[in-house]
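Enquirer: Residue numbers (the working numbering): 500 to 820. Even for Gly, the Cβ is constructed at its ideal location relative to N, Cα and C. Take this structure, written in structure tokens, and hold onto it; I'll ask about it next.
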Ligand SMILES: NC(=O)c1ccc[n+]([C@@H]2O[C@H](COP(=O)([O-])OP(=O)(O)OC[C@H]3O[C@@H](n4cnc5c(N)ncnc54)[C@H](O)[C@@H]3O)[C@@H](O)[C@H]2O)c1
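Next comes the structure, spelled out in structure tokens:
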């Protein structure tokens with residue numbers, strides 16, 4: 500099958516392309532604008548790795564460029580996975596327009612062509628951020644959503660647009676509410692990698708928000724790629740479905756940092772600071788729905804996943820420093 504993947508230079512997009520290229524015979528077409536939100540050196544390294552595979556094609560452009568996007572759709576795709584977006588919660592306080600451009604306009608350009616070309620399977624990245632601050636844990640897909648930052652709002656908009664737009668069409672859209680994904684080739688703007696960087700680079704200051712009292716449902720990238728692949732063979736009855744992609748294992752941030760300290764036998768300087776406006780205090784999702792749909796029984800042990808992440812970082816720290 501020919502599959503289109505957006506955001507292939509990014510963390511989840513890269514890992515999923517790699518999974519498909521090594522474990523399936525599918526032909527991958529991919530798009531990324533390689534933006535400078537974080538290290539382009541890291542994004543280029545991911546792309547170099549993917550380009551070694553014969554069945555990988557890469558197109559560098561922005562999803563806001565409708566003409567270029569139309570050209571790609573001359574190819575008939577069996578499925579589209581959409582990961583390209585302006586990610587990050589705190590950055591949405593500094594540069595909200597970037598979220599409107601990539602996550603609203605870019606998203607709409609893509610779904611128009613998906614519908615027009617009758618692509619049957621469409622999987623798009625939403626986020627746990629759609630839930631906002633909640634006290635009702637674990638968060639279930641049926642719960643009310645109420646984002647507290649522009650990033651989450653654009654993801655809510657994606658879900659609502661997809662629901663109305665694909666109703667009665669030949670496309671099944673599946674919104675994936677990712678919860679704090681981490682692992683090999685991870686994102687430098689996220690907590691684990693910021694901390695790893697400060698372990699290796701004394702000049703890199705690490706700030707611990709809310710004095711380390713946040714709790715997150717950390718989800719390992721290998722579980723995510725396995726789920727994404729399983730979804731390809733699942734028939735959805737409704738035109739639009741949303742699913743939590745999470746491990747259902749909330750962990751306090753300080754516990755994660757302690758684990759990294761014990762792996763490297765080092766303790767970098769931690770600059771503690773108060774609660775940041777765009778953040779939520781806790782995420783904890785229910786993964787009953789995804790477990791049932793995908794028949795995935797077990798998620799990777801957190802310590803093993805952290806071990807793999809630390810090991811990978813040790814061998815690739817040059818990409819971050
Ligand atoms: N990583 C997580 O924990 C997490 C959690 C919740 C949701 N998500 C969502 O999952 C998706 C993938 O996340 P990620 O962690 O891989 O992020 P990422 O930033 O590593 O990847 C996104 C990629 O999209 C590209 N991109 C951005 N805007 C674009 C545009 N307009 N046109 C073309 N390319 C563009 C970027 O260059 C980047 O390579 C995103 O939609 C993100 O919002 C991720």
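(1) Got a sec: does ligand 1 put a non-hydrogen atom nearer than 8 Å to the Cβ of residue 560?
(2) Would you mind giving the Cβ-Cβ distance between residue 506 and residue 584, rounded to the nearest angstrom? I have them listed as a contact below 8 Å.
(3) Here's the rule: buried if 16 or more other CB atoms are within 10 angstroms of the residue's CB, otherwise exposed. What is residue 682?
(4) Tell me the DSSP secondary structure of residue 556 in three-state form.
(5) So is the beta-carbon of residue 542 under 8 Å away from any non-hydrogen atom of ligand 1?
(6) Is the beta carbon of residue 745 less than 9 Å from the beta carbon of residue 784?
(7) With 16 as the cutoff for other CB atoms within 10 Å, does residue 710 come out buried or exposed?
(8) CB of residue 572 to nearest heavy atom of ligand 3: below 8 Å?
(9) Would you identify the three-state DSSP class for residue 626, choosing helix, strand or coil?
(10) Output needed for residue 472: all residues of its chain with C-beta closer than 6 Å, excluding positions within five of it in sequence on either side, in chain order.
(11) Report the option in 569, 582, 521, 538 whose CA atom is closest to the CA atom of residue 554.
(12) Going by beta-carbon coordinates alone, are residue 668 and residue 738 separated by less than 9 Å?
Expert: Well, looking at it:
(1) Taking the chain shown and counting its residues from 1, the one referred to as residue 560 is at position 61. Indeed, a heavy atom of ligand 1 lies less than 8 Å from the Cβ.
(2) For the purposes of this step, residue 506 is taken as residue 7 along the chain shown, with counting starting at 1. For the purposes of this step, residue 584 is taken as residue 85 along the chain shown, with counting starting at 1. Confirmed, about 7 Å.
(3) For this step, residue 682 is matched to residue 183 along the chain shown. Buried.
(4) To locate residue 556, count along the chain shown from 1; it is residue 57. Looking at residue 556 - three-state DSSP - the assignment turns out to be strand.
(5) Position 43 of the chain shown, counting from 1, holds the residue named residue 542. True, at least one ligand heavy atom lies under 8 Å from that Cβ.
(6) To locate residue 745, count along the chain shown from 1; it is residue 246. To locate residue 784, count along the chain shown from 1; it is residue 285. Cβ distance < 9 Å, so residue 745 and residue 784 count as in contact.
(7) Taking the first residue of the chain shown as 1, we reach residue 710 at position 211. Flag for residue 710 reads exposed.
(8) Within the structure as shown, ligand 3 is missing, the only ligands being ligand 1.
(9) Residue 626 sits at position 127 when you count from the first residue of the chain shown. Reduced to three states, the DSSP call for residue 626 is strand.
(10) Past the boundaries of the shown model lies residue 472; the chain is included only from 500 to 820, so the question cannot be answered.
(11) One-based indexing of the chain shown puts residue 554 at position 55. Answer by Cα proximity: 521.
(12) Here residue 668 refers to the residue found at position 169 when the chain shown is read from its first residue. Here residue 738 refers to the residue found at position 239 when the chain shown is read from its first residue. Taking 9 Å as the Cβ cut-off, residue 668 and residue 738 qualify as a contacting pair.
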